[in-house]
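Asker:
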Amino acid sequence: MLRKLSVIAAVAGLLTAGLAGPALASGHALPAKEVKWSFDGPLGKFDQAQLQRGYKVYREVCSACHAMSLVSFRNLGDKGGPFYDEKYSAKHGKTSNDNPKVKAIAKEYEVADIDSETGDAIKRPATPADHFVSPFANEAAARASNGGALPPDMSLLAKAREEGPNHIYSILTGYAAPPAGLKIGDNQHYNKYMAGDLTSYWSGSHEHVPPGGFIAMAPPLKANQVTFDDGAPATLDQEAKDVSAFLMWAAEPKLDERKQTGFAVMIYLLLFSGLLYASYRKVWKNESH
Amino acid sequence: MSGHSTYEPKTGIERWLDARLPIVRLGYDSFVDYPTPRNLNYWYTFGGILSLCLASQLISGIILAMHYNPGADHAFASVEHIMRDVNYGWLIRYMHANGASMFFIAVYIHMLRGLYYGSYKAPREVLWILGCVIYLLMMATAFMGYVLPWGQMSFHGAVVITNLFGALPLVGPAITTWLWGGFAVDSPTLNRFFSLHYLLPFMIAGVVILHVWALHVVGQNNPTGVDPKSKADVLPFTPYATVKDGFAMSLFLLLFAFFVFYMPNALGHADNYIPANPLVTPAHIVPEWYFLPFYAILRAVPDKLFGVLAMFGAIACLFALPWLDTSKVRSMRYRPTARIHFFIFVVACCILGLCGAKLPSEPVIPGLTTFNLVDADLNSFVWLSRLAAFYYFAFFLAILPLLGLFEKTLPVPDSIASPALSHPATIPAAATAAPEMKG
Numbered sequence: 000m001l002r003k004l005s006v007i008a009a010v011a012g013l014l015t016a017g018l019a020g021p022a023l024a025s026g027h028a029l030p031a032k033e034v035k036w037s038f039d040g041p042l043g044k045f046d047q048a049q050l051q052r053g054y055k056v057y058r059e060v061c062s063a064c065h066a067m068s069l070v071s072f073r074n075l076g077d078k079g080g081p082f083y084d085e086k087y088s089a090k091h092g093k094t095s096n097d098n099p100k101v102k103a104i105a106k107e108y109e110v111a112d113i114d115s116e117t118g119d120a121i122k123r124p125a126t127p128a129d130h131f132v133s134p135f136a137n138e139a140a141a142r143a144s145n146g147g148a149l150p151p152d153m154s155l156l157a158k159a160r161e162e163g164p165n166h167i168y169s170i171l172t173g174y175a176a177p178p179a180g181l182k183i184g185d186n187q188h189y190n191k192y193m194a195g196d197l198t199s200y201w202s203g204s205h206e207h208v209p210p211g212g213f214i215a216m217a218p219p220l221k222a223n224q225v226t227f228d229d230g231a232p233a234t235l236d237q238e239a240k241d242v243s244a245f246l247m248w249a250a251e252p253k254l255d256e257r258k259q260t261g262f263a264v265m266i267y268l269l270l271f272s273g274l275l276y277a278s279y280r281k282v283w284k285n286e287s288h
Numbered sequence: 000m001s002g003h004s005t006y007e008p009k010t011g012i013e014r015w016l017d018a019r020l021p022i023v024r025l026g027y028d029s030f031v032d033y034p035t036p037r038n039l040n041y042w043y044t045f046g047g048i049l050s051l052c053l054a055s056q057l058i059s060g061i062i063l064a065m066h067y068n069p070g071a072d073h074a075f076a077s078v079e080h081i082m083r084d085v086n087y088g089w090l091i092r093y094m095h096a097n098g099a100s101m102f103f104i105a106v107y108i109h110m111l112r113g114l115y116y117g118s119y120k121a122p123r124e125v126l127w128i129l130g131c132v133i134y135l136l137m138m139a140t141a142f143m144g145y146v147l148p149w150g151q152m153s154f155h156g157a158v159v160i161t162n163l164f165g166a167l168p169l170v171g172p173a174i175t176t177w178l179w180g181g182f183a184v185d186s187p188t189l190n191r192f193f194s195l196h197y198l199l200p201f202m203i204a205g206v207v208i209l210h211v212w213a214l215h216v217v218g219q220n221n222p223t224g225v226d227p228k229s230k231a232d233v234l235p236f237t238p239y240a241t242v243k244d245g246f247a248m249s250l251f252l253l254l255f256a257f258f259v260f261y262m263p264n265a266l267g268h269a270d271n272y273i274p275a276n277p278l279v280t281p282a283h284i285v286p287e288w289y290f291l292p293f294y295a296i297l298r299a300v301p302d303k304l305f306g307v308l309a310m311f312g313a314i315a316c317l318f319a320l321p322w323l324d325t326s327k328v329r330s331m332r333y334r335p336t337a338r339i340h341f342f343i344f345v346v347a348c349c350i351l352g353l354c355g356a357k358l359p360s361e362p363v364i365p366g367l368t369t370f371n372l373v374d375a376d377l378n379s380f381v382w383l384s385r386l387a388a389f390y391y392f393a394f395f396l397a398i399l400p401l402l403g404l405f406e407k408t409l410p411v412p413d414s415i416a417s418p419a420l421s422h423p424a425t426i427p428a429a430a431t432a433a434p435e436m437k438g
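If you're matching them up, the sequences are chains A and B in order.
Numbered by numbering that gives the first Met the number 0, the letters in the first sequence go through residues 0 to 288 in order.
Numbered by numbering that gives the first Met the number 0, the letters in the second sequence go through residues 0 to 438 in order.
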C-alpha cells in the first residue's frame, strides 16, 4: 500500500509544482476579492436569475462600449444560459432559435446584410442566429470614442484574466478616490485592483506606494443604475456580482454541462478503478512480488 | 530473452493468416506471453500510461483538426467555435490541452524511473536513446500545438522560441526567416506549425514502435537491476502486467478527468484567451509548465547564444547518459550515494521549474536584499536558477561519471525471485517506497 500511496503522492507533488509554477506576481494590485459563486465547486452551476440580472447590466451599461462578438443571441436561450426554457429545447423538437425572449432581444438590434434581390447593402433586424452586435464599427472608432483606450471584447474576459470573475467584481467595486500625492493623467482612474506600478506617479516615500493601477474606464456602475426585473435591490455590489457571473457564462457557456458530465465520469472511473484493483488482487494472489 | 514463440493458432482462419502474416503471433508474443520481471512496481506502469496519452492526443487532435482553421485571422475564432458550437467540442479541446500536460507528467515520471533504476545501461542504450528522441519530438509537438490557438501567449511564445535560433552564429537569422516563412511570426508560421503539429505525433508513434521493439529485444529492466535468470523470475505479461497497468491507467485517468472537468484552465495561462496581437506584448511571457526548467536554464546564462547552447546541452546530457554513468550496478537501490544525488537532482529540476515561472530579478526570500553578485542580487531567482542549473549539469557530467569509479555499492541480489534477504536494502517494498515519496 505504501508504494501505491507513494505513486499518488509523487503525482500530486508534481502537479502542485506545476500549478505553483505559472503563478506570477501581478504588479502591486490588491489580490482579487473572494466571492462565493453558484458555479464554484464540482457540482456548481449558473444561477439563471443571476444571469438574467447580469445580462441586463451588460445590456444597459457594458454593451455601450464593450463588444461580445463570440456570443450569439441564440446562446442566451441555450441550456445553462440566462433565458433557457425547456419548452424551446430539443426535448420538445425546438431550439433556442424559437425562444420568444431570445427572438425579442435579437430584434432590438440591426445588423448589416446584403439584399439578395438587388445586392444593395441593407440593415435588417437581427435574428437569434446572429452574433451580438458590436458598439463600434472597428478598433479605431472604439478608441476614438474612449479617449484612445480600447474597451476589450467581453466574450472571454472572465477567462482572460487571472482570477476571472473575482477579478472583474473587484475592479467594478475597487474604484477609490486617489490618495493625496498620486498624480493621475487625463482619462485615467485609480483602481486598487488594477495591475500596474504607480511608483513613478507617486510623490510620497517609496515604501508607501499605493496599491493598484490606473484604468481608462470611468467607474461604470453605481447603485440603482439598472432596475432588476425580479425586484432584487440594485446595489453596486449586486450589480457587480451579477454582471461578473454573466461574463463567466459568456466565457464558458458549457460550464454546467462540463461539471455534470465530469461528475458521472468521476463516479464511473472510481468504480472502474475499484474493479480493476479487485482483479489485480485476484490475479496476483498467489504470486510473490 | 523473449525466447521462441509459443503461439498456437487454434482456428483455420488463424492458421491461414499465421502462414501469411503472423501479426496475431506478434501481438501474442509481445503482449500476452511476453515474460516480464515479477517485481515490477507501479513506477513501471507509466509506459502503458504514456501509450494511452498518445492515443488520447491523436484521437482528440484528429477531431479538433476537423474544426480548426489554421489562418492567423481565423484560428482564435475557430477554437472558440469548437468550444461553443461543436457538439462536445469543449470536452475534446480540454482533453487535448490538458492531455498534453498529462503526457508530460507521465513522461517525466517514466524518465526519472529509468534514471533511478539504471534502465539506460547496457544493453538498453538504444532503448533509452529512442525514448529521448520521443521526448524531443514531444517537446516540438507541444510547443507548436500551443501556438495553434493564436492567443497572446501562443504568439509571443512563438516569437521568443523561434528567435532562439537567431542566436546561432552566421546561419541564425536565415534559419529564423525560414522557420517563420517570412520576416515575422505570422500566418505562414501558424500554417506550417499546424502542418508539423499534425505530422510529428505520427513520427512519435513510429518511434514508439521502435522503442517497444527495442524493449522486447533486451527485455524489461526491474527495480533490482538484475537480469531475470530463470522462469521463476518472470511472469507472463497477460494477465499479470496488463491488470496492473490497467489499474494504474484508471487512476491516471481519474487525475486527467479531474483536470478536464473541474480545472481545465489551471495549467494554461489566462493571456491565451486574448487574441494574438503583435503590437501588445504580455507583461510576462512564460512557457507551459513542462518547459519551465529549460526556460530557467536558458535565462540563467547572461549570453543569448550560450544560453541556447546550455538549454540544448541539458537535453543532450540525456542522450549521452548511458556513457556518462560509469557504474556497473544498474539500480540505485544498491547505490546509496547515487541515490542521494538522484533525489537532489529531482529537487534541482523542480527548483528550475519554479525559477522558470518567476521573473529573474524577483527575490527568492521577499523583502531581503543581500549583495549584488556580478549582474543581480544574490537573493534572486536568477541566482537560484544558476545554482540549480549548475547541479543539473554537475549531476550528469561529474557526479555520475565519478561515482561509478569511487562509490561503495551495496551487495546486489543473485536473482529477482530469490534475493539475499539478509540485507535490508533488498527488502523492496518498505526500503524504497519511503525515499521515493520525496520524488
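Beta carbons are placed, not taken as given, at the ideal position from N, Cα and C, and that holds for glycine.
Since the structure is predicted, the reported quantities are computational estimates derived from the model, not experimental observations.
Going along the region 148-161 of chain B in order, which residues come within less than 7 Å of chain A, judged by CB to CB distance?
Answerer: Residues passing the 7 Å Cβ filter: none.
Asker: Listed in chain order, which residues of the region 35-57 of chain A have Cβ atoms closer than 9 Å to some Cβ of chain B?
Answerer: The region 35-57 of chain A vs chain B, Cβ under 9 Å: G40, P41.
Asker: Out of curiosity, what's the CA-to-CA distance linking P34(B) and M110(B)?
Answerer: Cα-Cα distance, rounded: 22 Å.
Asker: Measuring CA to CA, which of L39(B), Y43(B), N190(B), A141(B) is closest to G267(B)?
Answerer: Residue A141(B) is the option with its Cα nearest to G267(B).
Asker: Could you tell me which of C349(B), Y391(B), G60(B), K9(B) sits nearest to L198(B), measuring between CA atoms?
Answerer: The candidate whose alpha carbon is nearest that of L198(B) is G60(B).
Asker: Would you call the CB atoms of I296(B) and L135(B) closer than 8 Å?
Answerer: No, Cβ-Cβ distance for I296(B) and L135(B) is not below 8 Å.
Asker: Just checking my contact of I72(A) with D112(A) at CB under 8 Å: how many whole Å lie between their CB atoms?
Answerer: The amino acid occupying residue 72(A) in the given sequence is Phe; Ile does not appear at that position. Contact flag wrong, Cβ pair sits at about 15 Å.
Asker: Taking DSSP as the reference, what is the three-state secondary structure of F318(B)?
Answerer: Reduced to three states, the DSSP call for F318(B) is helix.
Asker: Please report whether the beta-carbon of E33(A) lies at a distance below 8 Å from any beta-carbon of chain B.
Answerer: So no, E33(A) is outside the interface.
Asker: Just the Cα atoms here: how many angstroms apart are D114(A) and E107(A)?
Answerer: Approximately 20 Å, taken between the alpha carbons.
Asker: Output, in sequence order along the chain, the residues in the region 252-266 of chain B whose CB is closer than 8 Å to any CB in chain A.
Answerer: Those residues of the region 252-266 of chain B that come within reach of chain A (Cβ to Cβ, closer than 8 Å) are L252, L253, L254, A256, F257, V259, F260, Y261, P263, N264, A265, L266.
Asker: Compare the C-beta of V242(B) with all C-beta atoms of chain A and state if any pair is closer than 8 Å.
Answerer: For V242(B), the answer is yes, since a Cβ of chain A falls inside 8 Å of its Cβ.
Asker: What does the alpha-carbon distance come out to for the pair V373(B) and R191(B)?
Answerer: Spanning the two alpha carbons is a distance of roughly 42 Å.
Asker: Roughly how many angstroms lie between the CA atoms of L367(B) and S360(B), to the nearest whole one?
Answerer: Answer to the nearest angstrom: the Cα atoms are 12 Å apart.
Asker: Start and end of the alpha helix (DSSP H) containing T260(A)?
Answerer: Start and end: 254-282.
Asker: Just curious, the beta strand (DSSP E) that E109(A) is in, first and last residue?
Answerer: Segment 109-113, the beta strand (DSSP E) holding E109(A).
Asker: What in chain A is Cβ-close to L245(B), meaning under 7 Å?
Answerer: Before going further, note that residue 245(B) is Gly rather than Leu in the sequence given. Per Cβ cutoff of 7 Å: L275.
Asker: What separation, rounded to the nearest whole angstrom, lies between the Cα atoms of V285(B) and L358(B)?
Answerer: Approximately 10 Å, taken between the alpha carbons.
Asker: First and last residue of the alpha helix (DSSP H) that includes R311(A)?
Answerer: The question about residue 311(A) has no answer here: the residues shown for chain A are numbered 0 through 288.
Asker: Would you mind sorting S95(A) into buried or exposed? The rule is 16 or more other CB atoms within 10 Å of its CB.
Answerer: Classification of S95(A): buried, given that the 10 Å Cβ count is 16 or more.
Asker: With DSSP as the reference, label G211(A) as helix, strand or coil.
Answerer: Coil at G211(A), not helix or strand.
Asker: How would you write the range of the alpha helix (DSSP H) that T161(B) sits in, first residue to last?
Answerer: T161(B) -> alpha helix (DSSP H) spans 151-163.
Asker: Anyone know if the C-beta pair for H95(B) and L51(B) falls short of 8 Å?
Answerer: Not closer than 8 Å, so no.
Asker: Closer than 8 Å by beta-carbon distance: list the chain B residues that pair up with R160(A), in chain order.
Answerer: Per Cβ cutoff of 8 Å: A269.
Asker: Can you name the start and end residues of the beta strand (DSSP E) that N190(A) belongs to?
Answerer: Segment 188-190, the beta strand (DSSP E) holding N190(A).
Asker: Is there at least one Cβ from chain B nearer than 8 Å to R257(A)'s Cβ?
Answerer: R257(A) counts as touching chain B.
Asker: Could you name the residues of chain A that W382(B) contacts, counting a contact when the two beta carbons are closer than 8 Å?
Answerer: Correct list: empty, because the minimum Cβ distance to chain A is about 18 Å.
Asker: Below 8 Å on C-beta distance, what does P252(A) contact in chain B?
Answerer: In chain order: R83.
Asker: Use the C-beta contact count for L156(A): other C-beta atoms within 10 angstroms, 16 or more gives buried, fewer gives exposed.
Answerer: Buried: at least 16 other Cβ atoms inside 10 Å.
Asker: Contact criterion: CB-CB distance below 8 Å. Does I273(B) meet it with respect to chain A?
Answerer: Taking Cβ atoms only, chain A reaches closer than 8 Å to I273(B), which makes this a yes.
Asker: Kindly list the residues whose CB is nearer than 6 Å to the CB of I350(B), restricted to its own chain and excluding five residues on each side of it in sequence; keep chain order.
Answerer: Contacts found: A387.
Asker: Looking at the C-beta of S421(B), does it have a partner C-beta in chain A at a distance below 8 Å?
Answerer: Residue confidence is low: S421(B) scores 41 on pLDDT, short of 50, so the model does not pin down where it sits. Its coordinate-derived value is still stated next. No, no contact with chain A.
Asker: Might you give, ordered along the chain, the residues of its own chain that have their beta carbon closer than 8 Å to the beta carbon of S88(A), omitting 5 neighbours on each side?
Answerer: Contacts found: K78, T94, S95.
Asker: Could you check how far apart the C-beta atoms of N190(A) and G212(A) are, in whole angstroms? I think they sit under 8 Å.
Answerer: The Cβ separation is near 7 Å, so the contact holds.
Asker: Taking C-beta pairs closer than 8 Å, name the residues in chain B that T260(A) reaches, listed in chain order.
Answerer: Neighbours of T260(A) on chain B, chain order: L90, F260.
Asker: So for S25(A), helix, strand or coil by DSSP?
Answerer: Note that S25(A) scores 37 on pLDDT, short of 50, meaning its location in the model is unreliable; the coordinates nonetheless yield the value given after this. Note: S25(A) maps to coil in three-state DSSP.
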